[in-house]
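Asks: The following block contains the structure, expressed as structure tokens.
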Amino acid sequence: MDWNNIRQDFPALNIKSEGKIPIYFDNACNTLRPACVIEAIREYLEEHPGCAGKRSSHYFSKTTEQKCREAREKLASFIGANSNEIVWTKNTTESINLVANSLEIKKGQNIVCSILDHHSLLLPFYKKCSESGAELRIVECNKECKIDAEKFAEKVDKNTAVVAITHASNVAGTILPVKEIVKIAHENDTLALVDGAQFVPHKAIDMKKLDADFYCFSMHKMLGPSMGVLYGKEALLEELNLFMVGGDTIRDVVYKDGKLFPEFLPAPKKFEAGLQNYAGIIGSGAAVEYLKRIGMENIEKQEWRLC
1 MDWNNIRQDF
11 PALNIKSEGK
21 IPIYFDNACN
31 TLRPACVIEA
41 IREYLEEHPG
51 CAGKRSSHYF
61 SKTTEQKCRE
71 AREKLASFIG
81 ANSNEIVWTK
91 NTTESINLVA
101 NSLEIKKGQN
111 IVCSILDHHS
121 LLLPFYKKCS
131 ESGAELRIVE
141 CNKECKIDAE
151 KFAEKVDKNT
161 AVVAITHASN
171 VAGTILPVKE
181 IVKIAHENDT
191 LALVDGAQFV
201 PHKAIDMKKL
211 DADFYCFSMH
221 KMLGPSMGVL
231 YGKEALLEEL
241 NLFMVGGDTI
251 RDVVYKDGKL
261 FPEFLPAPKK
271 FEAGLQNYAG
281 IIGSGAAVEY
291 LKRIGMENIE
301 KQEWRLC
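Under UniProt numbering, think of the first position of the sequence shown as 1, with each following residue one higher.
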């Protein structure tokens, strides 16, 4: 694997500042985009800049719908999921908020998080607990910023509604034993949500093997545009309450006897209200193709070499 050649795939790395080419270390926030992602976005904006879905029937629209469908399928395959288990959002934060606000949590229940979780994971569930009267339980780490699965077992019980955890800490880099924690949650008939924003860009993952109920991450941390992703098991997505509604979430709205009777679409469409970021979706598909071409195993090896 010639990493110097791969560097040439990123136009931003050829832009000099004060006569020097950049060395970019801010990937935990936002990755650079390879030329193929930029080209996919350009192609949409120049060649078929229409709405996807059933809003229109012209060539632009049909082409955009096809490419958006292909992007969803590519991403689903990349993480070992089905395409109807993928919901597009604007970022990981929105993905987490979608689930937190769509779950029915009651007083007497509890939600388990960890001290290593990103604020974008902690705060939505803090808000949910504050509004519902549920208890928020925090699992603490040791001096090395590590947490054993047993620590979660001490906090989770039959009244736990959700275990919401990070897969990899954005601060310490700690990788949590997520598979074991998910198993603990399921043994207590509890849902498991994982924030994978800092994990998916670095290592191959299979949702079926991990068995998490919900998994959230961002495309802009894995060479794609500013987009978020929510993976959810199909049956659970159907059970979630609606988060945001509007155009493209409904099959029909009937007005009869002074009342509205909307018929909502099944997941994932029922969570994707209004016009979407079609350029971002198509660019996300290109980013996934690029990562697959390089190989996640090669990326992981290179990162360990740099360590």
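All C-beta atoms in this analysis are idealised placements derived from N, C-alpha and C, irrespective of residue type, glycine included.
1) Name the two residues that bound the continuous alpha helix (DSSP H) containing G280.
2) By Cβ distance, which residues of its chain are closer than 6 Å to A12, with the 5 residues on each side in sequence left out?
3) So, under 8 Å CB-CB, F152 and V112 are touching, yes? Tell me the CB distance rounded to an integer number of Å.
4) Are the segment 225 to 238 and the segment 75 to 90 touching by the rule of at least three beta carbon pairs closer than 8 Å?
5) Considering only residues of the same chain and omitting the five flanking positions on each side of L275, which have a CB-CB separation below 7 Å?
6) Roughly how many angstroms lie between the CA atoms of H58 and R293, to the nearest whole one?
7) Do V139 and K155 count as a contact pair if the criterion is CB distance below 8 Å?
8) Ordered along the chain, which non-local residues of its own chain (more than five positions away) have a Cβ less than 6 Å from that of V245?
9) Going along the chain, which residues of its own chain have a beta-carbon closer than 7 Å to the beta-carbon of N97, five neighbours each way excluded?
10) With respect to the beta strand (DSSP E) encompassing I96, which residues constitute its N-terminal and C-terminal limits?
11) On the CB-based measure, 16 or more other CB atoms within 10 Å of its CB, does I41 come out buried or exposed?
12) Can you find the residues in the same chain that come closer than 8 Å, C-beta to C-beta, to L45, ignoring five residues on each side of it along the sequence?
13) Look up P262 in the DSSP assignment and say whether it is helix, strand or coil.
14) Compute the beta-carbon to beta-carbon distance between K106 and S132, rounded to the nearest angstrom, for a pair I have assumed lies under 8 Å.
15) Between which two residues does the beta strand (DSSP E) holding R137 run?
16) Answer with buried or exposed for D117, where buried requires no fewer than 16 other C-beta atoms within 10 angstroms of its C-beta.
17) Return the Cβ separation of M222 and V253 in integer angstroms, given the expectation that the two are a contact with Cβ distance under 8 Å.
18) Checking 8 Å against the spacing of the C-beta atoms, do G295 and L75 come in under that value?
19) Among M1, G53, E135, L176, which one has its Cα closest to the Cα of T249?
20) List, from N- to C-terminal side, the beta strand (DSSP E) runs of 3 residues or more that fit wholly inside the segment 197 to 230.
21) Going by DSSP, what residues sit across from Q8 in a beta bridge?
22) Measuring CA to CA, which of V288, K301, L306, Q66 is closest to V37?
23) Tell me the rounded alpha-carbon separation between N4 and K62.
24) Taking all protein chains shown into account, do 16 or more other C-beta atoms lie within 10 angstroms of the C-beta of I15, making it buried, or fewer, making it exposed?
25) Compute the Euclidean distance between the alpha carbons of E47 and F60, then round it to the nearest angstrom.
26) Which one or two residues does DSSP pair with S114 in a beta bridge?
27) Which residue from P177, N27, N101 puts its Cα closest to that of E303?
28) Take the Cβ of R305 as the centre, count every other Cβ of all protein chains shown within 10 Å, and call the residue buried at 16 or more, exposed below.
29) Just list the residues that DSSP pairs T160 with in beta bridges.
30) DSSP state of I23, grouped into three classes?
31) In terms of alpha-carbon separation, which member of G19, F25, A35 lies closest to D9?
Replies: So, from the data block:
1) For G280, the enclosing alpha helix (DSSP H) has its first and last residue at 278 to 294.
2) The beta carbon of A12 is closer than 6 Å to those of L32 in its chain, skipping five residues each way along the sequence.
3) The Cβ separation is near 6 Å, so the contact holds.
4) Contact between the segment 225 to 238 and the segment 75 to 90 is present: 3 or more CB-CB pairs across the two stretches fall below 8 Å.
5) The beta carbon of L275 sits closer than 7 Å to the beta carbons of C51 from its chain, once the five residues preceding and following it are set aside; these are given in chain order.
6) Taking the straight line from one Cα to the other gives about 33 Å.
7) Yes, they are a contact pair.
8) The answer, listed in chain order, is A273.
9) Excluding sequence neighbours, N97 sits near P124.
10) Secondary structure note for I96: it is in no beta strand (DSSP E), and the uninterrupted alpha helix (DSSP H) holding it is 92 to 102.
11) Under this definition I41 is a buried residue.
12) For L45, where only same-chain residues beyond five positions count, the Cβ hits under 8 Å are A279.
13) Of the three classes helix, strand and coil, the one that applies to P262 here is strand, per DSSP.
14) The C-beta distance from K106 to S132 rounds to 6 Å, short enough to meet the 8 Å contact threshold.
15) Residues 135 to 139.
16) Classification of D117: buried, given that the 10 Å Cβ count is 16 or more.
17) Contact flag wrong, Cβ pair sits at about 37 Å.
18) No. Outside cutoff.
19) Minimum Cα distance to T249 is reached at G53.
20) If we require 3 residues or more, the beta strand (DSSP E) runs fully inside the segment 197 to 230 come out as 214 to 218.
21) DSSP output for Q8 lists no bridge partner at all.
22) Here the closest residue by C-alpha is V288.
23) C-alpha separation (whole angstroms): 39 Å.
24) I15 comes out exposed.
25) E47 and F60: Cα-Cα distance of roughly 8 Å.
26) Partner(s): V139.
27) Among P177, N27, N101, the Cα nearest to that of E303 is on N27.
28) R305 comes out exposed.
29) Beta-bridge partners of T160 (DSSP): N110.
30) I23 falls in the coil class under three-state DSSP.
31) Taking only the C-alpha atoms, the option nearest D9 is A35.
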